[in-house]
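Trainee: FYI, the numbering for the sequence shown is 1 to 372, going by UniProt numbering.
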Amino acid sequence: MTDVQIDDAIDVYLTRKAVGDPDGPGAGAYAANAESILRRFADWIERECRVTALAALEPTHLRAYATDLHERTDRGEYTASSVHTYYAVVRAFLSWCVRGGIVPTNPAASDVAESALPAPESTGDDDSWSPDRRRRLEAYARERAFGSDAGEDGTDERRTRLREYALVAVLAHSGARGAELFRVPEDDRRTGATWDDVDFYAGTLRVLGKSQRLEEVTVLGPARTALRRYRVVLDPPSNDWPLFPTRHAPSIARRVRETLHERGHDDAEVERLLERHTATELARERAIAPPAITTEGARSVLKRLCEQAEVDVDGDYLTPRGVRGDRFATTERREATPAAPQLRTSSDDRSIAVLEDRPPIGPDPTPREDDG
1 MTDVQIDDAI DVYLTRKAVG DPDGPGAGAY AANAESILRR FADWIERECR VTALAALEPT
61 HLRAYATDLH ERTDRGEYTA SSVHTYYAVV RAFLSWCVRG GIVPTNPAAS DVAESALPAP
121 ESTGDDDSWS PDRRRRLEAY ARERAFGSDA GEDGTDERRT RLREYALVAV LAHSGARGAE
181 LFRVPEDDRR TGATWDDVDF YAGTLRVLGK SQRLEEVTVL GPARTALRRY RVVLDPPSND
241 WPLFPTRHAP SIARRVRETL HERGHDDAEV ERLLERHTAT ELARERAIAP PAITTEGARS
301 VLKRLCEQAE VDVDGDYLTP RGVRGDRFAT TERREATPAA PQLRTSSDDR SIAVLEDRPP
361 IGPDPTPRED DG
């Protein structure tokens, strides 16, 4: 029994569940839902803990797994309820292994492991991040973006302020989760929403949902207005530009180098271009979309805004999920249509003018520590 591999046991477990039980007609559906969760668990435990055999699993390994799920919840990638569901599936699988005599005890059922899970989600009344606090943070970001001193610090600072307000507004007034808006470094598919994903006419945003399928989520008026104003100063050269591009200069330079090489430029040509232009200038000139801000970078932006606005609860700050609140928790999503939404504008949008004598783009801004 000591040589039974986790992957092999998962195969047998899923096969048994897929066959179903006459007294449990939902068993087949359970197997389909559980498969992706268990496969991700097996991949994670092998990658992070170097464990492939069931007999080698210990409560400390499951605590590390629960801690990782907790951290992903903090970054806005998962909800607490989803994390508890994922962990419950793993725990049920290991309980089945105990009943089958493969392992003597269930390491996922230990207190040391389960204590690392996030607290269950609030039902509403005891939500420490009340709607009032969310409104205060949004009002602060809006005042910074549009207040009387908004344009005093130059174009780059105005762009930064409008970007931060749009980030808060989209989280507060759309059904999009943080991991759907921003880049998740651990997931190659989650590269962040782009302007091509915005449909201003329909009031929707196309995102990669938790289902791993493209979905359309609702974007309410306040978020659309903030995005329109922000887009004027961002002036993305192409629709594949991220909604919230990183301002981390090394990341932009790395993307520029990679793309120029893919387009046939050799090392010498690339370096000559970078000697004459900053990476940001080249990205705009050559329409090379930079990476999006990461989920952790977005959390850091929110933390900084909360500190500046003096909005917190016992020293804690508002996470992407906290800004979003519970208002969209039950909002119906629909699968994205095959035709990609276009960045269309109404007649009102066309009345927003962009100055022709825009100042030239200067050197790469010094990257903020909180802007991944």
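Backbone N, C-alpha and C fix where the C-beta goes; we use that ideal spot for every residue, glycine too.
Starting from D3, follow its DSSP beta bridges and name the residues at the other end.
Mentor: The sequence position of residue 3 within the sequence shown is 3, counting from 1. Per DSSP, none; premise fails for D3.
Trainee: So, helix, strand or coil for V219, using DSSP?
Mentor: Here residue 219 refers to the residue found at position 219 when the sequence shown is read from its first residue. DSSP places V219 in strand when its eight states are reduced to three.
Trainee: Which residue wins for smallest C-alpha separation from P320, given the options L137, L208 and E48?
Mentor: The residue you call residue 320 lines up with position 320 of the sequence shown. With distances taken between Cα atoms, P320 lies closest to L137.
Trainee: Quick one: Cα of R72 to Cα of A283, how far?
Mentor: Here residue 72 refers to the residue found at position 72 of the sequence shown. Here residue 283 refers to the residue found at position 283 of the sequence shown. R72 and A283: Cα-Cα distance of roughly 31 Å.
Trainee: Given T295, which residues of its chain have a CB within under 8 Å of its CB, disregarding the five upstream and five downstream residues?
Mentor: In the sequence shown, residue 295 corresponds to position 295, counting from 1. Excluding positions up to five away in sequence, the list reads R75, G76, E77, G178, A179, F182, R183, V184 and P320.
Trainee: Taking the C-alpha atoms as reference points, what is the distance between C97 and L54?
Mentor: Mapped onto the sequence shown, residue 97 falls at position 97. Mapped onto the sequence shown, residue 54 falls at position 54. The alpha-carbon atoms of C97 and L54 are separated by roughly 9 Å.
Trainee: Which residues does DSSP pair with D199 in a beta bridge?
Mentor: Counting from one through the sequence shown, the residue named residue 199 turns up at place 199. Answer is T204.
Trainee: In the DSSP assignment, the alpha helix (DSSP H) including S251 goes from what residue to what residue?
Mentor: Here residue 251 refers to the residue found at position 251 of the sequence shown. Per DSSP, S251 belongs to the alpha helix (DSSP H) from A249 to E262.
Trainee: Grouping DSSP H, G and I as helix and E and B as strand, with all else coil, what is R166?
Mentor: For the purposes of this step, residue 166 is identified with residue 166 of the sequence shown, where counting begins at 1. Reading the sequence as shown, one finds Ala at residue 166 and not Arg. Helix, per DSSP.
Trainee: By alpha-carbon positions, which one of Y165, T246, R272 and L273 ends up nearest to T225?
Mentor: Locating residue 225 in the sequence shown gives position 225, where the first residue counts as 1. Of the listed residues, the one whose Cα sits closest to T225 is Y165.
Trainee: Check whether the region 198-212 touches the region 263-278, taking contact to mean three or more Cβ pairs, one atom from each stretch, closer than 8 Å.
Mentor: No, the region 198-212 is not in contact with the region 263-278.
Trainee: Whole angstroms is fine: what's the gap from R228's alpha carbon to R163's?
Mentor: Taking the sequence shown and counting its residues from 1, the one referred to as residue 228 is at position 228. Taking the sequence shown and counting its residues from 1, the one referred to as residue 163 is at position 163. Rounded to whole angstroms, R228 to R163 spans 11 Å at the Cα level.
Trainee: Could you check what DSSP says for residue 386 in three-state terms: helix, strand or coil?
Mentor: For residue 386 there is no data in the structure shown, the boundaries of the chain being 1 and 372.
Trainee: Where does S174 sit, in a helix, a strand or coil, going by DSSP?
Mentor: As a position in the sequence shown, residue 174 is number 174, starting the count at 1. It is a strand residue.
Trainee: In whole angstroms, what is the alpha-carbon distance linking A193 and F244?
Mentor: Working through the sequence shown from its first residue, we reach residue 193 at position 193. Working through the sequence shown from its first residue, we reach residue 244 at position 244. Their backbone Cα atoms lie some 8 Å apart in a straight line.
Trainee: Here's a check: name, in chain order, each residue in its chain whose Cβ is nearer than 6 Å to the Cβ of Y13, leaving out the five neighbours to either side.
Mentor: Counting from 1 along the sequence shown, the entry for residue 13 is found at position 13. The residues are F93 and W96.
Trainee: The alpha helix (DSSP H) with E269 in it runs from where to where?
Mentor: To locate residue 269, count along the sequence shown from 1; it is residue 269. Note, E269: alpha helix (DSSP H), D267 to R276.
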